[in-house]
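Peer 1:
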Amino acid sequence: MPFINIQTIEGLLDKESKAEIFKRITDLFVEIEGKGNPAFQEHVWIRIDEYPPEQWQLGSLRPTKEMIEFMTSAK
48 MPFINIQTIE GLLDKESKAE IFKRITDLFV EIEGKGNPAF QEHVWIRIDE YPPEQWQLGS
108 LRPTKEMIEF MTSAK
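All residue numbers for the sequence shown refer to this note's numbering, where the first residue is 48 and numbers rise by one.
So, in structure tokens, the structure goes:
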């Protein structure tokens, strides 16, 4: 029984994006671990954890709420 935990910056993913992530990852695990058996989807756990921008850092870059708003407006 796989448990997939995705961590992301709060505000990057909208409801539709999350639904697509859930579907595609589930399909991937059904194909690979479940050997194509559709019933295996009942055993795939996926959780998306969202954290405020101030809790992230990449090198010297610390994202701000304004950066996140800019990135999501470009979709």
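Ideal placement from N, C-alpha and C gives every residue a C-beta, glycine not left out.
1) Note down the Cα distance separating M48 from H90, rounded to an integer number of angstroms.
2) Rounded to whole angstroms, what's the CA-CA distance from L108 to T119? Just pull it up for me.
3) Determine, for E113, whether the minimum Cβ-Cβ distance to residues of chain C falls below 8 Å.
4) Hey, out of K82, I93, L75, A86, whose CA is closest to N52's CA?
5) In angstroms with no decimal places, state the Cα-to-Cα distance between S64 and P99.
6) For R94, write down the residues that DSSP places opposite it in a beta bridge.
Peer 2: Put simply:
1) The residue labelled residue 48 in the question sits at position 1 within the sequence shown. The residue labelled residue 90 in the question sits at position 43 within the sequence shown. Cα to Cα, M48 sits roughly 5 Å from H90.
2) Taking the sequence shown and counting its residues from 1, one reaches residue 108 at position 61. Taking the sequence shown and counting its residues from 1, one reaches residue 119 at position 72. Taking the straight line from one Cα to the other gives about 18 Å.
3) No chain C appears in the structure shown, which is made up of a single protein chain.
4) Against the sequence shown, residue 52 aligns to sequence position 5. If we check each option's Cα against that of N52, I93 comes out closest.
5) Here residue 64 corresponds to residue number 17 of the sequence shown, with the count starting at 1. Here residue 99 corresponds to residue number 52 of the sequence shown, with the count starting at 1. CA-CA distance, S64 to P99, rounds to 18 Å.
6) Reading the sequence shown from its first residue, position 47 is the one you call residue 94. Residue pairing by DSSP places R94 opposite N52 in a beta bridge.
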